[in-house]
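Shown next, in structure tokens, is the structure this report addresses.
In structure tokens:
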């Protein structure tokens, strides 16, 4: 009878845990859905997501409306993709299966965020054996601890209207480096609403690392199904998140070296084998790009001096930086090398530029901050149990760890939404989907939410930033633009240039006046001399290169 009651207790406990997980999933789904939706043939998109989603939606549509395999970057035709695309491939497959694009993306985003929150909670519980530590770690993760709130109090009087300003805010307190602020935009939840793959990537990293940590602490052994999942997870991680794959290898190898004698042989060999699979997958799936590893000190600090870098991180990490030395020492006893290994990522981000754009190092710092959230949660819970005076101190300092995050939540909730018309509501979209094939490469004069991108076709080139930040060498293509949009070129020369780059179509809108900031599109021979194969009622024109180059000149 006692055993029966114990089994019932286990079932009820597990049921309660799953209920919490389901509630978290629903809450995150509502949160993500509030920023991105679909209604009557129009996408409803928060303004803060406008730039990033132009690429992500084009990538998704290249899988759902096209057969983008081997995958190409949607804004740079003709070369293998250099971006981690697995999340967007899965969204594309869900849309192909019948879901709307926003529903598919919001569901997968919610799954990723739920997984990440669950793993943060589980690591906290593993290290500190207190549910309160898990809950606190999740809170610390959701609300960043930067000193951006300092600006708010400097600009507002201390009265009740200040509370209204917080609740009604539509703009972040700081949004560096784009607006010149010293506090960067990567520490609040906006990074997870814009880069929807990031939460899933971090959740998967923590999950794949979990079995190695528990093998050390609990002396557990890998089961057959766990081995299979680890092999799959390690193999696919490079196309889910490239930097995340390298971080996982660093975590595993560092942990294995330090705790070699405490881990059973099977687990050691399996993790070494999975790491080898990951490295092989990485080398196979991630092509070489220009502007790789290069020494660059101080991340985004405006002043690259010791004082300037310290000031930058004090403003961006807040009190975390003040207690960092102590927290590293304390966590070494409670969490092993968990925080120390991720601190290595923080150092790496501060001493090297890992890709063309230094901004991209933020993901290493984001992951490091997750481990700091877990460590601080355990430290505060332990301090709370130590005595009255420590409780008073915790009550005083705790708001400083979450205040900026609370302030930064409302600009996401209050953001204005705009509409983007989907292909089905546009003549040009309907024509492109019916008359261009999966191998089409489109020359355009605009890029973000272009009709060709909205039906999954690959663009010849973008306006500059996206292809540059991905490490593509776009020099030759940009050199060709003055030729392709020349007002005095003969058709034979134009065709030779277009065909050398495998351009199949040109799609230009009436409102598009120039390309690359200086080349006048509507003065080109293409635009005013040669007949288009299609023109929509709202002024979009399409030229078919094959028909243009194999017919008698006008």
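In my numbering, the protein residues as written are 219 to 772.
The C-beta atom is built at its ideal place from N, Cα and C for all residues, glycine as well.
Is it true that the CB of residue j sits closer than 7 Å to the CB of residue i?
i           : j           : result
residue 676 : residue 290 : yes
residue 250 : residue 324 : yes
residue 681 : residue 665 : yes
residue 721 : residue 659 : yes
residue 536 : residue 402 : no
residue 391 : residue 366 : yes
residue 406 : residue 626 : yes
residue 716 : residue 760 : no
residue 570 : residue 513 : yes
residue 421 : residue 524 : no
residue 503 : residue 462 : no
residue 412 : residue 270 : yes
residue 667 : residue 342 : no
residue 820 : residue 633 : No answer is possible for residue 820: it lies beyond the span of the chain, which begins at 219 and ends at 772.
residue 635 : residue 248 : no
residue 539 : residue 563 : no
residue 705 : residue 750 : no
residue 293 : residue 580 : no
residue 360 : residue 591 : no
Distance check for residue j and residue i, CA to CA, integer angstroms please.
i           : j           : result
residue 643 : residue 258 : 9 Å
residue 628 : residue 430 : 38 Å
residue 519 : residue 585 : 19 Å
residue 229 : residue 235 : Because the pLDDT of residue 229 is 49, which lies under 50, any placement of that residue in the model is unreliable, and the number read from its coordinates should be weighed accordingly. Each residue's alpha carbon lies about 10 Å from the other.
residue 483 : residue 657 : 49 Å
residue 700 : residue 678 : 14 Å
residue 490 : residue 305 : 26 Å
residue 233 : residue 338 : 20 Å
residue 631 : residue 274 : 21 Å
residue 530 : residue 732 : 39 Å
residue 505 : residue 685 : 14 Å
residue 240 : residue 767 : 58 Å
residue 748 : residue 712 : 11 Å
residue 734 : residue 553 : 52 Å
residue 475 : residue 312 : 41 Å
residue 295 : residue 285 : 14 Å
residue 452 : residue 321 : 27 Å
residue 382 : residue 621 : 15 Å
residue 723 : residue 741 : 18 Å
With respect to the alpha helix (DSSP H) encompassing residue i, which residues constitute its N-terminal and C-terminal limits?
i           : result
residue 687 : 683 to 687
residue 678 : Neither: residue 678 is in no alpha helix (DSSP H) and is coded neither H nor E.
residue 639 : First-last for residue 639: 635 to 639, but that is the beta strand (DSSP E), not the alpha helix (DSSP H).
residue 400 : Careful: residue 400 lies outside any alpha helix (DSSP H) and carries neither H nor E.
residue 387 : Per DSSP, residue 387 belongs to no alpha helix (DSSP H) and is neither H nor E.
residue 618 : 606 to 631
residue 295 : Per DSSP, residue 295 belongs to no alpha helix (DSSP H); it is in the beta strand (DSSP E), 294 to 298.
residue 490 : 483 to 503
residue 475 : 460 to 476
residue 270 : 268 to 282
residue 428 : 415 to 435
residue 602 : 580 to 602
Start and end of the beta strand (DSSP E) containing residue i?
i           : result
residue 255 : 254 to 257
residue 662 : 659 to 662
residue 336 : Note, residue 336: premise wrong, no beta strand (DSSP E); alpha helix (DSSP H) at 319 to 346.
residue 726 : 723 to 726
residue 396 : From DSSP, residue 396 is part of no beta strand (DSSP E); its letter is neither H nor E.
residue 263 : 260 to 264
residue 734 : It is not in any beta strand (DSSP E) - residue 734 carries neither H nor E in the DSSP assignment.
residue 200 : Since the first residue shown for the chain is 219 and the last is 772, residue 200 is missing from the structure and cannot be characterised.
Around the Cβ of residue i, are there at least 16 other Cβ atoms within 10 angstroms (buried) or fewer (exposed)?
i           : result
residue 637 : exposed
residue 371 : exposed
residue 434 : buried
residue 745 : buried
residue 728 : exposed
residue 492 : buried
residue 267 : buried
residue 710 : exposed
residue 653 : exposed
residue 238 : exposed
residue 587 : buried
residue 515 : exposed
Are the C-beta of residue i and some C-beta of chain D separated by less than 7 Å?
i           : result
residue 480 : No chain D appears in this structure, which consists of one protein chain only.
Quiz item: Do three or more CB pairs link the region 572 to 588 to the region 682 to 694 at distances below 8 Å?
Solution: yes
Quiz item: Should the region 661 to 680 be regarded as contacting the region 279 to 298, the criterion being three or more beta carbon pairs within less than 8 Å?
Solution: yes
Quiz item: Quick one: any contact between the region 548 to 564 and the region 411 to 426, if contact means 3 or more CB pairs under 8 Å?
Solution: no
Exercise. Tell me, please, whether the region 450 to 470 touches the region 295 to 305 by the rule of three or more beta-carbon pairs shorter than 8 Å.
Key: yes
Quiz item: Looking at C-beta atoms only, is the number of pairs between the region 582 to 597 and the region 540 to 549 that lie closer than 8 Å three or more?
Solution: yes
Exercise. May I ask you to verify whether the region 437 to 453 touches the region 614 to 625, counting CB pairs closer than 8 Å and requiring at least 3?
Key: no
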